[in-house]
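Data first, discussion second: the structure below is written as structure tokens.
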Amino acid sequence: MTALDGATVTEGTVDWQGRKTWYRVVGPPGRSSGRAPLVICHGGPGLIHDYLAPVAESMSANRTCVLYDQIGNGRSEHHGDAPAGFWTPELFVEELQALLGHLGIADGYHLLGHSWGGMLALELAVRRPPGLRSVVVADGFASSRTYREEVGRLVSELPQGIREPIERHEAAGTTNSPEYQAAVRAFYGRHVCRARPVPAELLRTLQYLDANPAVYEAMMGPSEFSMTGTLRGWDIRDRLDRVEVPVLLVSGRHDEVTPRAVEEIQRGVLGAEWVLFEESSHMPHLEEPVAFREVVETFLARQSSPGETAVTPAGRG
5 MTALDGATVT EGTVDWQGRK TWYRVVGPPG RSSGRAPLVI CHGGPGLIHD YLAPVAESMS
65 ANRTCVLYDQ IGNGRSEHHG DAPAGFWTPE LFVEELQALL GHLGIADGYH LLGHSWGGML
125 ALELAVRRPP GLRSVVVADG FASSRTYREE VGRLVSELPQ GIREPIERHE AAGTTNSPEY
185 QAAVRAFYGR HVCRARPVPA ELLRTLQYLD ANPAVYEAMM GPSEFSMTGT LRGWDIRDRL
245 DRVEVPVLLV SGRHDEVTPR AVEEIQRGVL GAEWVLFEES SHMPHLEEPV AFREVVETFL
305 ARQSSPGETA VTPAGRG
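If you want my numbering, it's the position in the sequence shown, counting the first as 1, plus 4.
Following this line, the structure appears as structure tokens:
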């Protein structure tokens, strides 16, 4: 157990179905906050928790936050030899449920998921778990087909010097080309993270992905654009009416997950709120961090009932 800017930090591992998932619990110092904890699900699929750590650190003075590396990634157990069909949304829902049970918070918690993590949060929400109190979907979408169409449109609107290498190498299957990678970085600078300099937490996360692409390639494919993996046919639109808890949607004006893609969630979830960050792309928590924190904290505070008593994570190692 260590201290992070006055907060209490506990790390551990949950064993589930013969697998191991690493987690970190960051909480208010000294005593319980009286608020239900916030579980933070990272994106990718295939990223690590690092780029979302600033969210937990900024909110942990008043609320316990849980970060974790999803199976196959980071400090969790890797399965590099697993077939592509192993990596499914159901696998990650089971992992999330195991984590909640291990920490002893399954009867009272909020979820915040970024990108793929937001889709994962929706997958759990449509199952109507009794302890879920609210969901924040940051930069997530409801239909892979809509996402592909919109990303394709964004690529078509790029300057020719960026667009042409992306389209040519995608068609040829030569996405390892340095020319292609340079064009992708230019796309990222417009539609993934516009913050300059690029935050160190995001650089670490992307460096990890470059060195460990197995989960990303199995679920997404070789790039953000083609989506040839197990998520290609993913579509939750016809199940969104099962969500019974309050939902907050956040996204960026310049996001690769465009307003059209986010709007499909808003239409499907009764009463869903949506905040569009005008100066952000896919990472408003890094591009407009103060405004992002204020929006999320205000939303979570409204979901807390008078006299709410938080469940303190067990933090078992």
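C-beta atoms are modelled at their ideal positions from N, C-alpha and C, and glycine is treated no differently. Values in this document were obtained by computation on a predicted structure and should not be read as measured data.
query: Closest by CA to Gly156, which one among Val261, Leu304 and His286?
result: Val261
message: So, with DSSP's three-state summary, where would you put Val196?
response: coil
task: Spatial neighbours of Glu126 within its chain, please: CB distance less than 6 Å, with the 5 preceding and 5 following residues excluded, ordered by chain position.
output: Per the sequence presented here, residue 126 reads as Leu, with Glu not at that position. For Leu126, where only same-chain residues beyond five positions count, the Cβ hits under 6 Å are Ile240.
Contact check, Gly117 vs Val140, beta carbons under 9 Å: yes
query: Is Ala40 helix, strand or coil when you go by DSSP?
result: coil
task: Give the C-beta separation of Gly272 and Ala146 to the nearest angstrom, bearing in mind that I take them to be a contact with Cβ-Cβ under 8 Å.
output: 6 Å
- prompt: Assuming Ser255 contacts Arg198 under a Cβ cut-off of 8 Å, what Cβ separation, rounded to an integer in Å, is found between them?
  reply: Rounded, the Cβ-Cβ distance is 13 Å, inconsistent with contact.
- request: Would you mind working out which of Ala40, Ile52, Pro41 and Glu267 sits nearest Thr25, comparing C-alpha positions?
  value: Ile52
field: Beta carbon of His46 nearer than 9 Å to that of Tyr72
entry: yes
Per-residue DSSP class, three states only, for Trp120: helix
task: Leaving aside the five residues before and after Gly89 along the sequence, list all residues of the same chain whose C-beta is less than 8 Å from its C-beta, in chain order.
output: Thr234
query: Just how far apart, CA to CA, sit Cys69 and Leu136?
result: 15 Å
Through-space distance from Val43 to Arg208, alpha-carbon basis: 21 Å
message: Could you tell me the alpha carbon to alpha carbon distance between Arg243 and Ala218, rounded to whole angstroms?
response: 29 Å
Rounded separation between Ala190 and His82 - CA only: 30 Å
- prompt: If you drop the 5 nearest sequence neighbours on each side, which residues of the same chain put their C-beta closer than 7 Å to that of Glu99?
  reply: Trp20, Thr25, Gln74 and Ile75
Asp85, buried or exposed, once every other Cβ within 10 Å from all chains shown has been counted against 16: exposed
- prompt: How many angstroms separate the CA atom of Glu171 from the CA atom of Tyr184?
  reply: 9 Å
query: Which residues bound the beta strand (DSSP E) around Glu277?
result: Glu277 to Phe281
query: According to DSSP, is Glu15 helix, strand or coil?
result: strand
task: Could you name the residues of the same chain whose beta carbon sits closer than 7 Å to that of Glu228, not counting the 5 residues immediately before and after it, in chain order?
output: Val155 and Glu260
message: Does Gly177 pass the burial test, meaning 16 or more other C-beta atoms within 10 Å, or should it be called exposed?
response: exposed
query: So, helix, strand or coil for His83, using DSSP?
result: coil
- request: Verify the contact flag: Leu213, CB atom, against every heavy atom of the ligand GTP, threshold strictly below 8 Å.
  value: Absent from the structure shown: the ligand GTP. Ligands present: none.
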